[in-house]
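First the structure, in the form of structure tokens, and then the observations on it.
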Amino acid sequence: MKRITFFALWLSLLLACTLGLQNCKKAPDPAPTKPPVATTPGTSTTATATTIPSLTAVTVTGISSTSARVSAVINGNGGAEITYHGFAYYVDNIANAKQVELGATSGPFPLTFTAPLTNLLPNTTYTVVGRADNAKGSQQTIVKFTTTAAVVSAVADWKSVFTIADGFNQLDVSIDTDGNGNVYVVGSYEGAGKMGSATLTAQRGRDGFLAKIDPLGKPIWVTELKSIGPDYVSIVDIDAAGNIYTNVFAGNTGGKFGTMSLSRSGSSFAKVTPDGSVEWIRTPGRNEDAVTSIDGQGSIYVSGALRGNQSVTLGSVTLRSTDTNPVDNTFDSFIAKFDRDGTFQWARQFSGPGQQSILYDVDENGAVYLAVASGAGAATVGTTTLSSAGEYLLKLSASGEMEWNKFVGNVPSNGGVGNLMVIRCTAPNEFVAQARAPAGTSGFSFGGATTTGANSAIVAVFGQDGTPKWALATRPSSVFDLDKAGNLYMAAMGSRGSPFTIGDITLPAQSPENKEYWGVAKYSTTQRRWLWAVRNRSVSTLYLPDRPALTISATGVPTMGFVCSKGSTQFGQTTVDITGTYGLVLATIEQK
26 MKRITFFALW LSLLLACTLG LQNCKKAPDP APTKPPVATT PGTSTTATAT TIPSLTAVTV
86 TGISSTSARV SAVINGNGGA EITYHGFAYY VDNIANAKQV ELGATSGPFP LTFTAPLTNL
146 LPNTTYTVVG RADNAKGSQQ TIVKFTTTAA VVSAVADWKS VFTIADGFNQ LDVSIDTDGN
206 GNVYVVGSYE GAGKMGSATL TAQRGRDGFL AKIDPLGKPI WVTELKSIGP DYVSIVDIDA
266 AGNIYTNVFA GNTGGKFGTM SLSRSGSSFA KVTPDGSVEW IRTPGRNEDA VTSIDGQGSI
326 YVSGALRGNQ SVTLGSVTLR STDTNPVDNT FDSFIAKFDR DGTFQWARQF SGPGQQSILY
386 DVDENGAVYL AVASGAGAAT VGTTTLSSAG EYLLKLSASG EMEWNKFVGN VPSNGGVGNL
446 MVIRCTAPNE FVAQARAPAG TSGFSFGGAT TTGANSAIVA VFGQDGTPKW ALATRPSSVF
506 DLDKAGNLYM AAMGSRGSPF TIGDITLPAQ SPENKEYWGV AKYSTTQRRW LWAVRNRSVS
566 TLYLPDRPAL TISATGVPTM GFVCSKGSTQ FGQTTVDITG TYGLVLATIE QK
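Structural data, given as structure tokens:
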């Protein structure tokens with residue numbers, strides 16, 4: 026049966042060919058196999074020699090914030106059938122390219138083929154590759170284009186504005202929030218002033234404090250740090266049970282934090298219960314700031330510096346500086362882990378010639394992500410020496426072992442502190458870093474983004490293996506945070522009487538205005554655009570505004586702490602008046 030069918034088919038084909046030759050007519054070429062293709066027909070379907078196809082440059086028309094149309098022309102098939110033609114387009118990595126496959130075609134040539142590109146990101150540069158293949162090979166042409174900025178539909182405004190403190194000669198603060206909407210303020214002050222119903226008076230010079238503020242802006246309690254020297258409370262972190270962990274720095278002996286005495290001067294870290302009672306104080310290091318962070322299990326991480334011949338004993342481990350030159354601008358650094366009760370677990374030293382500067386944060390799983398800067402020679406981390414001097418990103422496991430390190434760039438010759446400004450963990454298995462343009466340069470690259478301005482910065486998010494996820498070129502600012510969805514919130518200072526511009530958003534200038542002001546904006550990492558921006562106004566303030574504190578609550582509410590000087594500052598429709606030299610204002614932002 027198969028032979029008969031095949032033979033009959035062969036006869037029918039032969040007969041069809043014979044009739045076609047007798048009538049001297051050529052069957053029309055088939056149309057391209059996969060629309061949409063707009064064709065400007067030509068007359069030739071062959072070429073004189075077998076070569077790769079001839080393809081013109083890709084053109085882009087109809088560019089909007091989310092779409093565009095691309096076109097190219099196949100001038101000839103090179104003497105062989107076109108087996109594939111189409112487009113690929115991508116943002117930063119061709120491995121992530123999306124394909125528009127138009128399949129095979131036999132012309133006629135020249136053949137114009139076109140396709141719409143949809144669901145693009147606003148204000149984003151795309152690379153488009155046009156391609157045509159035959160048996161001889163492939164011809165490709167490449168073009169880049171940038172989508173237009175989106176029309177900003179999301180809006181925001183100041184919601185609640187509270188004056189928390191007033192009357193101080195000097196005031197410095199940082200803030201954090203818990204899951205119930207309470208705000209925790211740490212800082213230091215000079216002189217005497219009011220915080221809620223409490224009057225705080227510095228003993229000599231400067232004292233420190235920790236305060237808990239309810240969602241309605243009322244102080245619940247204030248715990249003070251006092252000695253006869255300058256005192257500071259800094260870096261607050263809060264565990265799931267509402268316990269607070271802070272740095273405390275006593276400028277002299279005989280100090281007290283709350284009702285608990287400090288064993289000596291210098292830096293310590295403390296655990297404070299939700300009602301404001303100091304549960305314990307640990308003093309691990311020298312007179313250096315010990316940055317405090319906690320992981321999801323309640324373990325505590327601190328860091329410090331070792332200058333000259335200094336040493337520190339942590340549990341049964343003693344770390345000693347490897348730099349015997351007792352000069353203030355040379356030092357080793359260390360990071361140490363303690364359990365939730367303050368019992369020592371492990372420590373890692375960062376040693377080498379010159380400065381060994383570190384920035385770090387810890388994710389929920391206890392992974393430690395660091396920026397390390399060593400200008401005079403290669404740093405040694407524990408027992409591992411890095412390949413050269415410079416700046417590195419690296420990761421320590423929850424047990425303190427180095428998992429990887431990645432070279433970022435050279436340390437500036439004029440400073441030694443490096444270009445990396447901030448390391449922060451905002452979600453498990455990832456971290457965010459900000460780098461600034463090196464001094465004396467007109468731009469730089471970091472995390473997959475490039476800037477061209479001298480006064481510029483890049484914020485980049487990396488995965489747990491150090492691979493960049495996304496990066497954004499922006500203005501330098503250490504005042505930023507991310508919410509649980511990965512959206513970026515950033516505050517920056519604006520010049521008096523000038524508009525506030527960030528990305529494609531511009532807020533108009535306001536008057537009267539006698540000093541600089543602060544603006545804050547939200548950037549969507551999925552839409553790749555700035556969604557909104559708000560700003561305050563210095564109506565009649567005495568001094569330039571200090572750098573504000575910014576944190577994003579568990580429910581995604583931006584909360585800011587502003588140290589305002591004497592006079593009036595306006596937040597939307599609310600005006601606050603500070604009567605003393607400095608006061609503290611807490612403000613939340615409503616996203617609509």
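Anchor point for the sequence shown: position 371 equals 396 in the numbering used here, and the numbering is continuous, going up by one each time.
No residue lacks a Cβ here, since even glycine has one placed at the ideal position from N, Cα and C.
Every value quoted in this text rests on a predicted model; they were computed, and no experiment measured them.
Exercise. Tell me where the beta strand (DSSP E) around GLN381 begins and ends.
Key: As a working note, residue 381 is residue 356 in the sequence shown. Run containing GLN381: 381-387, per the beta strand (DSSP E) assignment.
Practice problem: Could you check how far apart the C-beta atoms of THR584 and SER578 are, in whole angstroms? I think they sit under 8 Å. | Solution: By 1-based counting over the sequence shown, the position of residue 584 is 559. By 1-based counting over the sequence shown, the position of residue 578 is 553. With a Cβ gap of about 6 Å, THR584 and SER578 count as contacting.
Quiz item: If you scan the region 386-471 from start to end, which runs of the beta strand (DSSP E) of 3 or more residues do you find wholly inside it?
Solution: 393-399, 415-421, 427-434, 445-452, 455-461
Exercise. Decide yes or no for the touch test of the region 482-491 against the region 553-561: beta carbon pairs closer than 8 Å, at least 3 of them.
Key: no
Quiz prompt | Helix, strand or coil at ALA574 [DSSP, three-state] | solution = In the sequence shown, residue 574 corresponds to position 549, counting from 1. Reduced to three states, the DSSP call for ALA574 is strand.
Quiz prompt | Contiguous beta strand (DSSP E) assignments of at least 3 residues, all confined to the region 300-345 | solution = 303-307, 325-332, 336-339, 342-345
Quiz item: Between which two residues does the beta strand (DSSP E) harbouring THR606 extend?
Solution: Numbered from its first residue, the sequence shown carries residue 606 at position 581. Unbroken beta strand (DSSP E) run through THR606: 599-616.
Quiz item: For ILE77, which three-state DSSP category applies?
Solution: Here residue 77 refers to the residue found at position 52 of the sequence shown. Correct three-state label for ILE77: coil.
Exercise. Spatial neighbours of SER288 within its chain, please: CB distance less than 7 Å, with the 5 preceding and 5 following residues excluded, ordered by chain position.
Key: Along the sequence shown, read from residue 1 onward, the residue named residue 288 stands at position 263. Correct list, in chain order: THR308.
Quiz prompt | Reference ALA122; option with closest CA among SER502, ASP232, TYR114 | solution = Taking the sequence shown and counting its residues from 1, one reaches residue 122 at position 97. Cα-wise, what sits closest to ALA122 is TYR114.
Exercise. Give a yes or no on contact between the region 215-228 and the region 185-202, applying the rule of three or more CB pairs nearer than 8 Å.
Key: yes
Practice problem: For the beta strand (DSSP E) holding GLU249, just list the boundary residues, first then last. | Solution: On the sequence shown, position 224 is the one that residue 249 refers to. 244-251 is the extent of the beta strand (DSSP E) around GLU249.
Quiz item: Mapping DSSP to helix, strand and coil, what is ALA120?
Solution: For the purposes of this step, residue 120 is taken as residue 95 along the sequence shown, with counting starting at 1. Here ALA120 sits in helix by DSSP.
Quiz item: Taking C-beta to C-beta, are THR172 and ASN148 nearer than 8 Å?
Solution: For this step, residue 172 is matched to residue 147 along the sequence shown. For this step, residue 148 is matched to residue 123 along the sequence shown. A contact, by the Cβ cut-off of 8 Å.
Self-check item: Option in TYR548, TYR607, GLU538 with minimal Cα separation from TRP495
Solution: For this step, residue 495 is matched to residue 470 along the sequence shown. For TRP495, the nearest C-alpha among the options comes from TYR548.
Practice problem: Could you please give the first and the last residue of the uninterrupted beta strand (DSSP E) stretch that includes THR166? | Solution: Indexing the sequence shown from 1 puts residue 166 at position 141. It spans 162-171 - the beta strand (DSSP E) in which THR166 sits, taken as one unbroken run.
Self-check item: DSSP-derived helix/strand/coil call for GLY212
Solution: By 1-based counting over the sequence shown, the position of residue 212 is 187. In this structure, GLY212 counts as strand in the three-state DSSP scheme.
Self-check item: Three-pair Cβ contact test at 8 Å for the region 254-273 versus the region 318-331
Solution: yes
Quiz item: Which of helix, strand or coil does DSSP assign to ARG365?
Solution: If you number the sequence shown from 1, residue 365 lands on position 340. In this structure, ARG365 counts as coil in the three-state DSSP scheme.
Quiz item: Less than 8 Å separating the beta-carbons of VAL208 and SER199?
Solution: The residue you call residue 208 lines up with position 183 of the sequence shown. The residue you call residue 199 lines up with position 174 of the sequence shown. Taking 8 Å as the Cβ cut-off, VAL208 and SER199 do not qualify as a contacting pair.
Quiz item: Looking at the unbroken beta strand (DSSP E) that takes in THR152, where does it start and where does it end?
Solution: Within the sequence shown, residue 152 is the residue found at index 127, counting from 1. Looking at the DSSP string, the run of the beta strand (DSSP E) that includes THR152 is 150-159.
Quiz item: Is the CB-CB distance between ARG572 and VAL484 below 8 Å?
Solution: Your numbering for residue 572 matches position 547 in the sequence shown. Your numbering for residue 484 matches position 459 in the sequence shown. No, the pair does not count as a contact, with Cβ atoms beyond the cut-off.
Quiz prompt | Local conformation of PRO133 per DSSP, three classes | solution = For this step, residue 133 is matched to residue 108 along the sequence shown. Coil, per DSSP.
Quiz item: Between the region 465-481 and the region 407-424, are three or more C-beta pairs nearer than 8 Å?
Solution: no
Quiz item: Touching or not, the region 126-134 and the region 98-117, by the rule of three or more beta carbon pairs under 8 Å?
Solution: yes
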